[in-house]
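Here is the structure we will look at, set down as structure tokens.
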Amino acid sequence: MRDIVIVKGGGDIATGITNRLHQSHFSAVILELDKPTVVRRTVAFAQAVIQNSPITVEGVTAKVVTLDEVHEVLSSGQIPVLLASEPFLVKKVIDTLKPVAVVDAIIAKRNIGTQITDAPIVIGVGPGFIAGLDVHAVVETNRGHNLGRVIYQGAASDNTGIPGNVGGFTIERLIKSKNAGKFIGCREIGDRITAGEVVGYIDDVPVKVAINGILRGLLQTGLTVKSGMKLGDIDPRCRREHCFTISDKARAISGGVLEALLHSMGNNGAYTVSNLPMDCSGYKSNYFNGG
């Protein structure tokens, strides 16, 4: 069995990471909530949970399984998705699978439970992690010059609350709820949308978009949402095919994760889980300070 890497999260960024790890001959396993709130569902392995059936993204298929089925599914060339909504379930998976690495790609903009002792290699994606303290490495997620950069001491850029500029738009690209309630969508991902158009309802309140473009992401119908929650996003570049392939941002970040993993394993990945030091403090000393 190839080295197992556990990826926490099944959203579009986590899917880009998992896809790249899979293509690089790591055995990637996803941990996801039982009610995911991803919006880019067409390129998110979390959709396997939402639709209760396998989903394929760029030729790689993921399916929801039990812990006992993980090795069988990995052997078939697919990505296992495990439901782990509670911390004790995450710990059980880690203790059972003994991964070479844990990648926190939840993109919560804060650390909600990942520890440097979770695995020989622990990688945090985005803000909320400090390399050398709660993870071994951090990968920058902020669009711009440093997107995908690996940080071995310190943290990623702070969360500004403003998404990166795409096609001349930032915050206008996002679709957010103005009230709490049950979301019902009335348009599909990939649809061309005009500013002011309704894409769904929260209870009886219409949800409208601010700009013209392609509906690149939209929350699953039927979920209960909070006020201010992200419901979807518009891509002003109007390239429909972008809705069904891994994004440029996810590819850059996934490259950073792979770099951090290989750097940490030493000699371009020559070390395997059997000869990696298991003491994380010693591991950091040897592999992150010039060892």
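Positions 68 to 358 (our numbering) are the ones given, in order, by the sequence shown. In this text, a Cβ means the ideal position worked out from N, Cα and C, and glycines have one as well. Treat the numbers as computed from the prediction; the structure is a model and nothing was measured.
Checklist line | Span separating the alpha-carbon of Ser91 from that of Gly234 | finding: 32 Å
Check: Once you ignore the five residues that flank Ile278 on each side, which residues in its own chain have a CB closer than 8 Å to its CB?
Finding: Phe236, Glu239, Arg240, Ala262, Ile301 and Pro303
Note to self: What does DSSP give as the partner residue(s) for Glu125 in the beta ladder?
What the structure shows: DSSP lists no partner for Glu125.
Item checked: Same chain only: Cβ atoms within 7 Å of His89, ignoring 5 sequence neighbours per side -> Ala95, Val127 and Ile146
Next item on the list: Look up Phe250 in the DSSP assignment and say whether it is helix, strand or coil.
Entry: strand
Item checked: DSSP-derived helix/strand/coil call for Asn335 -> Reliability fails at Asn335, whose pLDDT of 41 lies under 50, so the model's placement of it is uncertain and the value that follows must be treated cautiously. Note: Asn335 maps to helix in three-state DSSP.
Check: In whole angstroms, what separates the C-alpha of Ser244 from that of Gly333?
Finding: 46 Å
Check: Is DSSP giving Asp95 helix, strand or coil here?
Finding: Here residue 95 turns out to be Ala, not Asp, going by the sequence shown. Reduced to three states, the DSSP call for Ala95 is strand.
Next item on the list: Pick helix, strand or coil for Asp79, following the three-state DSSP scheme.
Entry: helix
Check: Phe196 by DSSP, collapsed to three states: which one?
Finding: coil
Check: To the nearest whole angstrom, what separates the beta carbons of Val205 and Ala222, a pair I think is in contact under 8 Å?
Finding: 6 Å
Next item on the list: Report, in whole angstroms, the separation of the C-beta atoms of Gly193 and Lys176, which I expect to be a contact under 8 Å.
Entry: 6 Å
Next item on the list: Just confirm the distance between the C-beta atoms of Ser321 and Arg69, as a whole number of angstroms; I'd bet it's less than 8 Å.
Entry: Actually they do not touch by this definition, with Cβ atoms about 17 Å apart.
Item checked: DSSP three-state assignment for Ile71, whether helix, strand or coil -> strand
Checklist line | Nearest to Ile256 (by Cα), restricted to the options Gly248, Val202, Gly280 and Tyr268 | finding: Gly280
Item checked: Among Val140, Gly77, Gly228 and Val72, nearest to Val110 - alpha-carbon criterion -> Gly77
Margin query: Judging by CA-CA distance, which residue of Val276, Ala319 and Val132 is the nearest neighbour of Val242?
Written below: Note that residue 242 is Ile in the sequence shown, not Val. Cα-wise, what sits closest to Ile242 is Val276.
Check: What is the rounded straight-line gap between the Cα of Val217 and the Cα of Asp271?
Finding: 45 Å
Notebook entry, point to check: With a cut-off of 8 Å, do at least 3 Cβ pairs link the region 110 to 126 to the region 143 to 161?
Noted result: yes
Margin query: If I follow the unbroken beta strand (DSSP E) through Pro147, where does it start and stop?
Written below: Ile146 to Leu150
Check: Quick one: what does DSSP say Leu286 is sitting in, helix, strand or coil?
Finding: coil
Check: How long is the line joining the alpha carbons of Ile161 and Asp185, rounded to whole angstroms?
Finding: 7 Å
Notebook entry, point to check: Starting from Pro154 and walking both ways along the alpha helix (DSSP H), at which residues does that stretch end?
Noted result: Pro154 to Leu164
Margin query: Tell me which residues share the same chain as Thr288 and place their Cβ nearer than 7 Å to its Cβ, disregarding the 5 neighbours each side in the sequence.
Written below: Phe250, Ile251 and Gly252
Item checked: According to DSSP, residues forming a beta bridge with Gly273 -> Checking the sequence, you will find Pro at residue 273 rather than Gly. According to DSSP, Pro273 bridges with Tyr268.
Next item on the list: Identify, in the order they occur along the chain, each residue of the same chain with its Cβ nearer than 6 Å to the Cβ of Gly228, setting aside the five sequence neighbours on each side.
Entry: none
Next item on the list: State the start and end residues of the unbroken beta strand (DSSP E) segment that holds Val169.
Entry: Ala168 to Asp171
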